[in-house]
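With positions in the sequence shown counted from 1, the corresponding number in my numbering is that position plus 647. Each residue gets a CB set at the ideal place from its N, CA and C atoms; glycine is no exception. Worksheet: the structure to be examined is printed underneath.
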Amino acid sequence: MSFLNAVLLGIVQGLAEFLPISSSGHLVIAEHLLGVQQASVFFDVFLHFATVLAILIYFKKDILSIKLTEIKLIIIGSIPAAVIGILFKDQIEMLFESVAIVSAMIIVTGIINLVTDRKLNNRAKIKNSDEKQVSLKEIGVKEAFIIGIFQAIAIIPGISRSGSTVAGGILQNIDRVKAFRFSFLMVIPVILGATLLQLIEVYDTGLGSLNFGVLFVGGLTAFTFGFLSLKVFEYVIKKARLELFGYYCISFGLLSLLLNYFIK
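Dropping the structure here:
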C-alpha cells in the first residue's frame, strides 16, 4: 500500500467513523475505487485503534467523571452488538465483499438520518409553539438496551453506527446531547472488543509484509480527522441539521451503485 492510499483511507476512516455516514461502507467503496484489494487486517486494526484514541481524548472529562450507573448502562447497551458480532461474524464479513449491498445500506443510513432530523425539528417546533412540550427521558436500562439494538443493526456494513445509535436515543425522546455522548461512550468497549478479535486474527495469520511508515501515517491521519469529525457531529446534532448527512448518504449510495454497475 502506498503512502497516498494510507492517507486517503485514514481520512475516510477518521471522518466516516464518527460522522453518521458509515465508515465501514466508505472504506469498502474507497478500497474498491482505489484498486486496493483489501487493506491488511493489521492496518484496519491500527486505524480503529487511532479512532478510539480520538474518542478517549475528546471525551476525557466525561470518562474521568463517569459514574458506576453509567458504566452499567454502557455494558447493557453493548450486549446486543457483542452477541450478534460473535454469532454471525462470518456472515457479516461476507457482506463486506458486496459493494452493491454496502451502497444500498448507505442509502438506508441516509434515510435514518432524515428520520432523526425530522424528529429533532418536530421537537423544536413544539418547543416554540403553544403545544404540550415533549417530555425528554433520561437513559435507563430499557433505553440503553434499545440503543444497543440500534448499534447491533449497524454491524451491517453501510449502516452508520453513530447515526443509528444517536437515532436510537433521539427516537426515544432522549436529549440530543445526552444521546450523542452516550453513543460514543458506548462504542469504546465495542471497538476495543472488535480490535482485540482482529489482533487475535493477526497473531494467527502473521503480520505479512507491513510498512510501519505507512501504518503510522494512516493511523495519524485517522486520529486527526476522527477528532475533527466528533466536533462537527456534535455541532450538527445541536443545530439539528442531520438532513445534510441524510441527503449526502442517499446521493453517495446511489452514485456508488451506478459506479459499481459500470466499473467491475
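The alpha-carbon of I704 is positioned some 31 Å away from that of R770.
For the 8 Å CB-CB criterion, M752 and I803 form a contact. Here DSSP, grouped into helix, strand and coil, assigns I668 to coil. Secondary structure at I786: coil, using DSSP grouped into helix, strand and coil. The stretch 783-803 makes contact with the stretch 709-728, as at least three CB pairs between them are under 8 Å.
For I821, DSSP records a beta bridge to K784. In this model, A799 and S649 are separated by some 33 Å (Cα to Cα). Counting along the chain, the unbroken alpha helix (DSSP H) around A869 starts and ends at 859-886.
When secondary structure is reduced to three states using DSSP, P727 falls in the helix class. In the three-state scheme derived from DSSP, where H, G and I count as helix and E and B as strand, G840 is classed as helix.
Approximately 5 Å separates the beta-carbon atoms of V864 and A653; this is inside 8 Å, confirming the contact. Rounded to whole angstroms, the separation of the alpha carbons of N907 and L662 is 23 Å. Per DSSP, reduced to three states, the secondary structure at M648 is coil, with no helix or strand assignment.
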